[in-house]
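From first to last, the protein sequence lines stand for chains P and E. Using our numbering, the first residue of the first sequence is number 1, and each one after it goes up by one. Using our numbering, the first residue of the second sequence is number 221, and each one after it goes up by one. First up is the structure itself, then whatever we jot down about it.
Protein chains: 2
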Amino acid sequence: MKELKVFKIQKNIHEDNTKVANETRKFLKQQDTYLINVMSSPGSGKTSTLVSIIKALKDKIQIGVIEADIESDVDARTIQKTGAKVVQMNTEGLCHLDATMARTGIDQLEVSDLDLVFLENIGNLICPVGYDTGAMKNMAILSVPEGDDKPLKYPKIFGKVELLVINKIDVIEHFDFDMGLLEERVRKLNKDIKIIPISAKTGEGVAALTDWMMDTLIRR
Amino acid sequence: MKELKVFKIQKNIHEDNTKVANETRKFLKQQDTYLINVMSSPGSGKTSTLVSIIKALKDKIQIGVIEADIESDVDARTIQKTGAKVVQMNTEGLCHLDATMARTGIDQLEVSDLDLVFLENIGNLICPVGYDTGAMKNMAILSVPEGDDKPLKYPKIFGKVELLVINKIDVIEHFDFDMGLLEERVRKLNKDIKIIPISAKTGEGVAALTDWMMDTLIRR
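Structure, rendered in structure tokens:
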């Protein structure tokens, strides 16, 4: 009986979360601001991918970033160097952002002058998946060194996102990473997903990624 | 090949985690079995590091592995090929193991004939840190591609573990990874930590790691 009660509480939390997330989307549409939730493992290159997008698009559109980390402001300082508007949130141990936390970040950032905002979620493939943040699109980054078996072990995140960026393709020859097999495993979970291989370090593939961003903004 | 055990577990919120963990340690001491809890990000090489340890030590001691994943039995099948005793646990979304879950794995594995058991925790740097599993030692793996800034962003795990393995050093020349800086950042959090750089792929450094394991077993 106790377990059933816990389940109901969890369900209610998620229902409230969806309500807040829907309010956020409504607010962002009024502001003409598009929000993308970015998820990945630690060290897969969320921040460096965002830096490469900002550098490519900063003369075309206004971009902002909400950085979420357990601790530190390392990532926000990296983003700041690009000139993009940025705020840092520390969750102090929590492994995901919910809609209320995301909304706090949006309000802190002040988005009225921004076309595109990235919400850089906490670095892991598990906790952030269950929470609608209020974003219009969800994007995951998998880096080559993490391995092509990750869709087998973390299917939920690959099933949820509209865009999957495969980062660090500049080092693919040094790893046992089969891009064809990875795509096959991902498409079994999510047949309509867009997959874009890039190297945030060398810039390879970043044009395809920014084309997708601009196309998505135009079609919104 | 022996049939692989896969079972599902759910968190028992009503147990006192530390009490269960202490009972596990007492039980394992009676069995003369040493338990090491292994934590890391997804794809840092937990399983391949364990495979390299098992291959080096299997003629000296009896080793077993408890594999924990959100879903799939990919890792347990990899371990099984070494001939080591293994069980797979699926947490179905939960991002850590607590002492009750770990004990379930220990009981499923049947440890009475084992000298050393590795508990391969769920792949992330956040959730597993707060839960005593009943292990005698805690070990983390950080791989070179994840970056040398991880102690700044995930200080708790680096502060907790007795052993830090730096994996994938065979590719260090392809990444901006400063081993000296990493060590400095880690020692600020944990001055007595043992740090061992290895490549599970090439075998470099694995002897230092297995020496540490054997020394730890002798000193227990």
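Built from N, CA and C at the ideal position, the CB exists for glycine as well. From a predicted model like this one, the values you see are computed outputs, not experimental measurements.
Start and end residues, alpha helix (DSSP H) containing residue i
i, result
"E:Lys305", "Segment Lys305 to Asn310 is the beta strand (DSSP E) holding E:Lys305; no alpha helix (DSSP H) there."
"E:Met259", "No alpha helix (DSSP H) holds E:Met259; the beta strand (DSSP E) holding it covers Tyr254 to Ser260."
"E:Phe395", "First-last for E:Phe395: undefined, no H or E at that position."
"P:Val111", "Run containing P:Val111: none; DSSP gives neither H nor E here."
"E:Ile346", "It is not in any alpha helix (DSSP H) - E:Ile346 carries neither H nor E in the DSSP assignment."
Interface flag, residue i vs chain E, CB-CB below 7 Å
i, result
"P:Gly43", "yes"
"P:Asp98", "no"
"P:Ile126", "yes"
"P:His14", "no"
"P:Lys153", "yes"
"P:Glu71", "yes"
"P:Gly203", "no"
"P:Ile218", "no"
"P:Gly147", "yes"
Euclidean distance between Cα positions of residue i and residue j
i, j, result
"P:Lys194", "P:Gly147", "19 Å"
"E:Gly400", "E:Lys239", "39 Å"
"P:Lys188", "P:Gly159", "9 Å"
"P:Glu23", "P:Ile126", "25 Å"
"P:Ile54", "P:Thr210", "9 Å"
"P:Val144", "E:Ala241", "36 Å"
"E:Thr324", "E:Thr353", "11 Å"
"P:Ile9", "P:Ile141", "Note that P:Ile9 scores a pLDDT of 36, beneath 50, so its modelled location is shaky and nothing firm can be said."
"E:Arg245", "E:Leu329", "15 Å"
"P:Asp59", "P:Ala84", "11 Å"
"E:Leu402", "E:Lys370", "8 Å"
"E:Arg297", "P:Glu173", "25 Å"
"E:Asn237", "P:Phe177", "39 Å"
Cβ separation of residue i and residue j, assumed to be a contact under 8 Å, to the nearest whole Å
i, j, result
"P:Asn121", "P:Leu97", "6 Å"
"P:Leu152", "E:Ser292", "5 Å"
"E:Ala319", "E:Ile256", "Not a contact, Cβ separation roughly 15 Å."
"E:Val385", "E:Ile418", "6 Å"
"P:Val186", "P:Lys156", "The Cβ separation is near 12 Å, so there is no contact."
Residue i - containing beta strand (DSSP E), residue span
i, result
"E:Lys301", "Neither: E:Lys301 is in no beta strand (DSSP E) and is coded neither H nor E."
"E:Lys414", "Lys414 to Pro417"
"P:Met139", "Lys137 to Ser143"
"E:Asn242", "Unbroken run through E:Asn242 is the alpha helix (DSSP H), Asn237 to Gln251; no beta strand (DSSP E)."
"P:Ala68", "Ile63 to Asp69"
Residue-chain proximity (residue i, chain P), Cβ-Cβ < 7 Å
i, result
"E:Asp279", "no"
"E:Val294", "yes"
"E:Pro417", "no"
"E:Val391", "yes"
Selected residue, minimal CA-CA separation from residue i, among the options
i, options, result
"P:Gln88", "P:Pro42, P:Met139, P:Lys60 and P:Phe118", "P:Phe118"
"E:Asp390", "E:Val406, E:Gly423 and E:Gly263", "E:Gly423"
"E:Thr436", "E:Glu312, E:Ile281, E:Lys246 and E:Asp289", "E:Ile281"
"E:Asn310", "P:Val65, P:Tyr154, P:Glu92 and P:Asp113", "P:Tyr154"
"P:Thr49", "P:Lys156, P:Gly205 and P:Ile106", "P:Gly205"
"P:Lys137", "P:Ala56, P:Leu57 and P:Trp212", "P:Trp212"
"P:Ser52", "P:Lys168, P:Ala200, P:Ala208 and P:Ile79", "P:Ala200"
"E:Gln300", "E:Val331, E:Ile290 and E:Thr267", "E:Thr267"
"P:Val111", "P:Gly64, P:Ala102 and P:Leu57", "P:Gly64"
"P:Cys95", "P:Asp192, P:Pro42 and P:Asn167", "P:Pro42"
"E:Gln251", "E:Asp327, E:Lys411 and E:Asn410", "E:Asp327"
Distance cut-off 6 Å: residue i Cβ against heavy atoms of the ligand GTP
i, result
"E:Pro262", "By its list of ligands, the structure shown contains no ligand whatsoever, and the ligand GTP lies outside what it can speak to."
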